[in-house]
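K.L.:
Would you mind keeping the following structure in view while I ask a few things?
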Amino acid sequence: MVNFAIEVKGLQKTFVSGWLRKRRKEALRGVDLSVPEGAFWGLLGPNGAGKTTLLSIISNLLIPEQGVVRVLGKDLRKNAMEICGRINLSSGHANFLWSLNVRENLEYYAMLYGLSGKNRRQRVEELLDVFGLSDFARVRFDELSTGTKQKLSLAKSLVNDPALLLLDEPTVGLDPDVAHRIRGMIQRLHREKGTTILMTTHNMREAEALCEQVAFIKDGRIKALGKPKDLKNELRLGDTIVIAFSGSLHAESLQGLKGIYALQTSDSTCRILVDDHHERLPQILDFFLSEKAFVHDLSIQESDLEDVFMAFTR
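The sequence shown begins at 0 in numbering that gives the first Met the number 0 and counts up by one.
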């Protein structure tokens with residue numbers, strides 16, 4: 000029998016803004032999601048899809064209009080205090096008491112989770128050491144770099160040794176080397192402690208490297224769920240043609256060609272997701288010729304999670 004850390008059924012959440020002319024935004028429209036204990040899953044989707052709203056509801060920061068939320072085997076509404084003591088949340092947009100230093104912030108949150116005296120001091124020192132924050136212990140939050148703020152956010156999320164960890168864009172805006180170290184810390188946490196992790200991210204390579212399964216959410220609904228490899232097979236994704244070019248290009252016209260699932264373009268690069276590059280490449284090159292766009296380089300790549308994301312969000 001599978002035990003679930005998260006069970007969400009029929010979840011609905013609507014935000015209302017404005018006064019005289021009220022506007023309604025349906026953030027979640029009947030979301031169902033069950034995450035097994037000890038799993039590391041990703042929650043992917045475009046901006047405004049409902050990712051942060053879902054994490055906020057699971058962590059009891061928001062209350063839905065409809066739906067059932069069970070966390071660590073118990074109803075969240077009936078057992079909120081108990082559950083909140085066993086879970087934690089880390090956001091990529093870290094926001095702490097600006098006038099407190101790193102140690103004081105960790106002490107404060109450890110106190111909120113019920114740690115006292117020697118146990119609290121010992122836990123704070125452990126986290127300072129594990130996350131390489133000892134040299135910054137006396138530095139105020141508002142004086143920290145973005146990467147160090149994110150380390151503090153992750154350290155805070157572990158003060159209560161949570162059974163469930165929710166990560167909302169944990170590496171957003173970080174330099175590549177800092178993001179790499181943060182991902183390593185998250186991997187070690189899951190591997191060594193077996194902590195259940197649900198993570199939102201826009202970084203498809205990050206999701207493919209860390210997550211055992213991914214759920215795609217769009218317009219407040221879960222569109223697909225599975226292992227990255229299985230999702231690629233389900234969509235029958237073939238190859239990705241990457242073309243470096245110069246000149247003007249009305250790339251949106253490519254969408255009308257047969258066998259093209261999705262595309263991304265920049266000023267000089269076009270990434271085209273196709274069913275079979277052998278069949279589609281000639282017509283694509285003919286299109287570039289008709290547009291008088293000069294092709295500098297061309298490569299064929301195996302489809303990855305980014306291509307799955309493109310296909311689900313187009």
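Even for Gly, the Cβ is constructed at its ideal location relative to N, Cα and C.
Could you please give the first and the last residue of the uninterrupted beta strand (DSSP E) stretch that includes aspartate 296?
P.N.:
Aspartate 296 -> beta strand (DSSP E) spans 293–301.
K.L.:
Using only alpha-carbon positions, find the residue among Arg139, Val101, Ser144, Leu143 that is nearest to valine 123.
P.N.:
Nearest C-alpha to valine 123 among Arg139, Val101, Ser144, Leu143: Val101.
K.L.:
Answer yes or no: do alanine 38 and asparagine 59 have a C-beta to C-beta separation smaller than 9 Å?
P.N.:
Cβ distance not < 9 Å, so alanine 38 and asparagine 59 don't count as in contact.
K.L.:
Buried or exposed: glutamate 205, going by 16 or more other Cβ atoms within 10 Å of its Cβ?
P.N.:
buried
K.L.:
Please report the distance separating the alpha-carbon of asparagine 2 from that of threonine 170.
P.N.:
29 Å
K.L.:
Quick one: Cα of serine 33 to Cα of leucine 153, how far?
P.N.:
Looking at the two C-alpha atoms, the distance is approximately 24 Å.
K.L.:
Give me the Cα-Cα distance between leucine 99 and arginine 139, rounded to the nearest whole angstrom.
P.N.:
5 Å
K.L.:
What would DSSP say about glycine 255, mapped onto helix, strand or coil?
P.N.:
In the structure shown, glycine 255 sits in a helix (DSSP, three-state: H, G or I).
K.L.:
Return the CA-CA distance between lysine 217 and serine 245, expressed in angstroms with no decimal places.
P.N.:
34 Å
K.L.:
In the DSSP assignment, find the unbroken beta strand (DSSP E) run with isoleucine 216 in it and report its ends.
P.N.:
Run containing isoleucine 216: 212–217, per the beta strand (DSSP E) assignment.
K.L.:
Starting from the N-terminal side, write out each stretch of the alpha helix (DSSP H) that is 4 residues or longer and does not extend beyond the segment 89–172.
P.N.:
101–111, 116–129, 145–155
K.L.:
For a test of the three-state rule: what should DSSP assign to glutamate 64, helix, strand or coil?
P.N.:
Reduced to three states, the DSSP call for glutamate 64 is coil.
K.L.:
Measure from the alpha carbon of alanine 136 to the alpha carbon of each residue in Ala292, Glu106, Gln254, Gln11, then state which is nearest.
P.N.:
Of the candidates Ala292, Glu106, Gln254, Gln11, the one whose C-alpha sits nearest the C-alpha of alanine 136 is Glu106.
K.L.:
State whether the segment 275–291 contacts the segment 193–208, with contact taken as three or more CB pairs (one from each stretch) at a distance under 8 Å.
P.N.:
no
K.L.:
In angstroms, rounded to a whole number, what distance separates the CA positions of isoleucine 221 and methionine 184?
P.N.:
Distance between the alpha carbons of isoleucine 221 and methionine 184: 28 Å.
K.L.:
Mapping DSSP to helix, strand and coil, what is serine 16?
P.N.:
strand
K.L.:
Check each candidate in Leu288, Val7, Gln149, Leu143 and name the one with the smallest Cα separation from proline 63.
P.N.:
Val7
K.L.:
Would you list the residues sitting across from glycine 225 in a DSSP beta bridge?
P.N.:
DSSP lists Val213 as partners of glycine 225.
K.L.:
Take asparagine 118 and list the residues in its own chain whose beta-carbon comes closer than 6 Å to its own, dropping the five residues that flank it on each side.
P.N.:
none
K.L.:
Could you check whether the segment 13–31 touches the segment 87–94, counting it as contact only if at least three pairs of C-beta atoms, one from each stretch, sit closer than 8 Å?
P.N.:
no
K.L.:
Give me, in chain order, the residues of the same chain whose beta-carbon lies closer than 6 Å to that of leucine 10; leave out the 5 immediate sequence neighbours on both sides.
P.N.:
Leu27, Val30, Pro63, Gly66
K.L.:
Using C-beta distances below 7 Å, list every residue in its chain close to leucine 71, excluding the 5 sequence neighbours before and after it, in chain order.
P.N.:
Cβ neighbours of leucine 71 within its own chain (closer than 7 Å, five residues either side excluded): Ala4, Ile82, Arg85, Ala162, Leu163.
K.L.:
What residues match up with valine 7 in a beta bridge as DSSP calls it?
P.N.:
Valine 7 pairs with Leu32, Val68.
K.L.:
What span of residues does the alpha helix (DSSP H) with glycine 41 cover, start to end?
P.N.:
Glycine 41 -> not in any alpha helix (DSSP H); beta strand (DSSP E) instead, spanning 39–43.
K.L.:
Helix, strand or coil for threonine 264, going by three-state DSSP, please let me know.
P.N.:
strand
K.L.:
What residues in its chain sit with their C-beta under 8 Å from that of lysine 291, if we drop five residues either side in the sequence?
P.N.:
Gly246, Ser247
K.L.:
Assuming the contact rule is C-beta atoms closer than 8 Å, alanine 167 and threonine 268 should be a hit. Round their C-beta distance to whole Å, please.
P.N.:
Note that residue 167 corresponds to aspartate in the displayed sequence, not to alanine. No, aspartate 167 and threonine 268 are not in contact; Cβ-Cβ is about 30 Å, not under 8 Å.
K.L.:
Please report how far the alpha carbon of histidine 276 lies from the alpha carbon of glycine 44, in whole angstroms.
P.N.:
Approximately 27 Å between the Cα atoms of the pair.
K.L.:
Per DSSP, which one or two residues make a beta bridge with lysine 73?
P.N.:
As DSSP reads the structure, lysine 73 sits in a beta bridge with Val70.
K.L.:
Could you say which of His249, Asp274, Leu151, Thr239 lies nearest to leucine 370 if we only look at CA atoms?
P.N.:
The requested residue 370 does not occur in the structure, where the chain is confined to residues 0 to 313.
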